[in-house]
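Engineer: Numbering (the working numbering), first residue to last: 4 to 376.
Before we start, here is the structure in question, set down as structure tokens.
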């Protein structure tokens with residue numbers, strides 16, 4: 004699926020440069036970002052990460068090195084605030100609207116093109132393991148990854164506890180032939196990584212839906228109220244809807260990246276976005292199917308509950324009809340009239356009692372034969 008697996012890695016030793024010795028002492032007042040938000044910052048040239056003698060680079064130093072000697076810089080940030088991101092935005096000339104979206108988060112997946120950069124928003128999805136699905140279980144947890152792609156820079160802004168890109172960065176660093184393609188190769192790798200996560204979550208959600216479907220259509224256990232699965236089905240439907248909000252809006256951006264020539268996307272990389280779009284379309288079809296299937300399961304569950312209530316009402320009505328016979332007889336003989344038939348007869352009481360029992364048994368047999376009891 005991924006170009007990362009298609010291209011063979013050619014691992015070479017990392018280059019070492021001395022930025023601080025060649026460029027003079029570092030001035031902290033010129034650094035556009037604080038260290039609290041920056042997760043990693045590195046310069047890549049010819050697919051290899053440059054290692055500086057003075058330790059990790061700051062964003063200002065990395066960009067100064069790129070502008071001097073070529074390559075591109077990849078900066079990773081985690082939940083930066085406005086002040087932490089303002090300096091980086093000025094340094095790289097990011098559009099104010101994209102900067103606002105990156106800081107505030109809670110954006111729909113999208114692709115926006117500005118003069119010198121692309122702004123892409125991905126929704127990351129993580130499946131939450133649970134021993135038993137309940138009406139309050141969290142099934143999927145979402146996060147966000149915003150990507151700024153430029154000619155000589157790539158910036159990721161991550162929100163949420165899930166969706167770390169550290170392992171992806173290390174994997175790309177082991178594939179210098181791919182990294183040599185530039186920032187667009189990193190954009191493709193992140194898109195591929197996110198969609199792979201969707202596929203894994205879709206498979207896990209499918210197992211939950213299968214479990215609920217089996218329980219709804221299997222014979223109810225004795226003592227278990229029927230219709231109690233509605234809360235679990237509704238909760239699962241809400242989680243699927245959250246999943247759908249992450250998947251569906253991303254399909255159009257992936258199609259644009261795969262179909263339209265873009266100045267900032269390497270032509271050799273662009274064709275691999277088609278593969279990502281195909282896998283994303285498959286996941287979207289699965290999620291839409293999940294939603295429709297859960298609707299059917301919920302309707303079937305409610306129908307079963309309605310049928311069960313009707314059966315209970317028929318049983319109650321049947322017993323009420325049976326009890327009505329002795330009630331009527333007792334009511335008649337409870338009237339204090341002097342001239343009632345068989346009041347002085349020795350066998351009057353057993354006769355009335357026998358007739359009452361016979362009538363009750365007859366009614367019970369008739370109702371049971373008709374399926375009411």
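Cβ atoms here follow ideal geometry from the backbone N, Cα and C, with glycine treated the same way.
Bear in mind the structure is a predicted one, so any value in this text is a computation, not a measurement.
#1: Can you tell me where the alpha helix (DSSP H) with residue 206 in it begins and where it stops?
#2: Under a Cβ-count criterion, where at least 16 other Cβ atoms within 10 Å of its own Cβ denotes burial, should residue 373 be classed as buried or exposed?
#3: Any idea if residue 2 is buried or exposed, counting beta-carbon neighbours within 10 angstroms, 16 or more meaning buried?
#4: For residue 145, which beta-bridge partners are listed by DSSP?
#5: Could you check if residue 289 is buried or exposed, using at least 16 other CB atoms within 10 Å of its CB as the buried criterion?
#6: Below 8 Å on the Cβ atoms is my guess for residue 247 versus residue 294; work out the distance and round it to an integer in Å.
#7: Do residue 254 and residue 297 count as a contact pair if the criterion is CB distance below 8 Å?
#8: Name the residue from 174, 300, 92 whose alpha carbon lies nearest to the alpha carbon of residue 51.
#9: Let's see if you can read the secondary structure: which residues bound the beta strand (DSSP E) around residue 359?
#10: Between 371, 178, 236, 360, which lies nearest to residue 305 when the distance is taken from Cα to Cα?
#11: Distance check for residue 257 and residue 71, CA to CA, integer angstroms please.
#12: Measuring only the C-alpha atoms, how far is residue 299 from residue 313?
#13: Please classify residue 153 as buried or exposed, where buried requires at least 16 other C-beta atoms within 10 Å of its C-beta.
#14: Tell me, please, which residues DSSP counts as bridged to residue 79.
#15: Tell me residue 123's beta-bridge partners as DSSP assigns them.
#16: Bridge partners of residue 241, per DSSP?
#17: Can you tell me whether residue 418 is helix, strand or coil according to DSSP?
#18: Which residues does DSSP pair with residue 48 in a beta bridge?
#19: If you check the beta carbons only, do residue 325 and residue 367 fall under 8 Å apart?
#20: How is the alpha helix (DSSP H) around residue 2 delimited, first residue to last?
#21: If we call anything under 8 Å between Cβ atoms a contact, is residue 232 one with residue 219?
#22: Leaving out five residues before and five after residue 144 in sequence, what residues of the same chain have Cβ atoms less than 7 Å from its Cβ?
#23: Does the Cβ of residue 96 have 16 or more other Cβ atoms within 10 Å, making it buried, or fewer, making it exposed?
#24: What residue from 321, 331, 136, 62 has the CA that sits closest to residue 215's CA?
#25: Please look up how many angstroms separate the CB atoms of residue 209 and residue 251, rounded, as I've assumed it's under 8 Å.
#26: Look at the Cβ atom of residue 168, then the Cβ atom of residue 79, and state whether they are nearer than 8 Å.
#27: Just verifying my parser: in three-state terms, what is the DSSP assignment at residue 173?
#28: How should residue 357 be labelled, buried or exposed, when 16 other C-beta atoms within 10 angstroms of its C-beta is the threshold for buried?
#29: Inspect the beta-carbon positions of residue 122 and residue 101 and report whether they are closer than 8 Å.
#30: For the alpha helix (DSSP H) that residue 96 lies in, which residues bound it at each end?
#31: Three-state secondary structure (DSSP) at residue 375?
#32: Just the C-alpha distance for residue 73 and residue 48, rounded to the nearest angstrom, thanks.
Structural biologist: Reading off the structure:
#1: By 1-based counting over the chain shown, the position of residue 206 is 203. From DSSP, the alpha helix (DSSP H) with residue 206 extends over 186-220.
#2: For the purposes of this step, residue 373 is taken as the residue at position 370 of the chain shown. Under this definition residue 373 is an exposed residue.
#3: This structure does not reach residue 2, given that the chain is present from 4 up to 376, and the question cannot be answered.
#4: Mapped onto the chain shown, residue 145 falls at position 142. 128, per the DSSP bridge assignment.
#5: What you label residue 289 is simply residue 286 of the chain shown in a count that begins at 1. Around the beta carbon of residue 289, 16 or more other beta carbons lie within 10 angstroms, which makes this residue buried.
#6: Position 244 of the chain shown, counting from 1, holds the residue named residue 247. Position 291 of the chain shown, counting from 1, holds the residue named residue 294. Rounded to whole angstroms, the Cβ separation of residue 247 and residue 294 is 7 Å, and the two are in contact under 8 Å.
#7: If you number the chain shown from 1, residue 297 lands on position 294. If you number the chain shown from 1, residue 254 lands on position 251. Not in contact: residue 297 and residue 254 (Cβ atoms no closer than 8 Å).
#8: Taking the first residue of the chain shown as position 1, residue 51 is located at position 48. Closest by alpha carbon: 174.
#9: Taking the first residue of the chain shown as position 1, residue 359 is located at position 356. For residue 359, there is no enclosing beta strand (DSSP E); the enclosing alpha helix (DSSP H) covers residues 351-372.
#10: Within the chain shown, numbered from 1, the residue matching residue 305 stands at position 302. Of 371, 178, 236, 360, the residue nearest in Cα terms is 236.
#11: Along the chain shown, one-based indexing puts residue 71 at 68. Along the chain shown, one-based indexing puts residue 257 at 254. Spanning the two alpha carbons is a distance of roughly 33 Å.
#12: Counted from its first residue, the chain shown places residue 299 at position 296. Counted from its first residue, the chain shown places residue 313 at position 310. Rounded to whole angstroms, the separation of the alpha carbons of residue 313 and residue 299 is 21 Å.
#13: As a position in the chain shown, residue 153 is number 150, starting the count at 1. Buried, since its Cβ has 16 or more Cβ neighbours within 10 Å.
#14: As a position in the chain shown, residue 79 is number 76, starting the count at 1. Bridge pairing for residue 79: 43, 159 [DSSP].
#15: Locating residue 123 in the chain shown gives position 120, where the first residue counts as 1. BP columns for residue 123 point to 114, 150.
#16: Residue 241 sits at position 238 when you count from the first residue of the chain shown. None, per the DSSP bridge assignment.
#17: Nothing can be reported for residue 418, as the shown portion of the chain is limited to 4 through 376.
#18: Residue 48 sits at position 45 when you count from the first residue of the chain shown. Listed as beta-bridge partners of residue 48 by DSSP are 51.
#19: Position 322 of the chain shown, counted from the start, is the residue given in the question as residue 325. Position 364 of the chain shown, counted from the start, is the residue given in the question as residue 367. In this structure, residue 367 lies closer than 8 Å to residue 325 by Cβ.
#20: What is shown of the chain runs 4 to 376, which leaves residue 2 out entirely.
#21: As a working note, residue 232 is residue 229 in the chain shown. As a working note, residue 219 is residue 216 in the chain shown. The answer is yes: Cβ separation under 8 Å.
#22: Mapped onto the chain shown, residue 144 falls at position 141. In its chain, beyond the 5 residues on either side, 129, 131, 165 have a beta carbon closer than 7 Å to the beta carbon of residue 144.
#23: Counting from one through the chain shown, the residue named residue 96 turns up at place 93. Residue 96 comes out exposed.
#24: Here residue 215 corresponds to residue number 212 of the chain shown, with the count starting at 1. Of the candidates 321, 331, 136, 62, the one whose C-alpha sits nearest the C-alpha of residue 215 is 136.
#25: Here residue 209 is taken as the residue at index 206 of the chain shown, counted from 1. Here residue 251 is taken as the residue at index 248 of the chain shown, counted from 1. Between residue 251 and residue 209 the Cβ distance is about 18 Å, and since that is not below 8 Å, they are no contact.
#26: The count along the chain shown starts at 1 and reaches residue 168 at position 165. The count along the chain shown starts at 1 and reaches residue 79 at position 76. It is a contact, given that the beta carbons lie within the stated cut-off.
#27: For this step, residue 173 is matched to residue 170 along the chain shown. In the structure shown, residue 173 adopts helical secondary structure according to DSSP, grouped into three states.
#28: Counting from one through the chain shown, the residue named residue 357 turns up at place 354. Exposed, because fewer than 16 other Cβ atoms sit within 10 Å of the Cβ of residue 357.
#29: The residue you call residue 122 lines up with position 119 of the chain shown. The residue you call residue 101 lines up with position 98 of the chain shown. Residue 101 sits close to residue 122, with the two beta carbons spaced by under 8 Å.
#30: Start at 1 with the first residue of the chain shown, and residue 96 comes out as number 93. Element bounds for residue 96: n/a, residue is neither H nor E.
#31: Within the chain shown, the letter at position 372 stands for residue 375. DSSP places residue 375 in coil when its eight states are reduced to three.
#32: As a first step, residue 73 is located in the chain shown; it is residue number 70 there, counting from the start. As a first step, residue 48 is located in the chain shown; it is residue number 45 there, counting from the start. Residue 73 and residue 48: Cα-Cα distance of roughly 7 Å.
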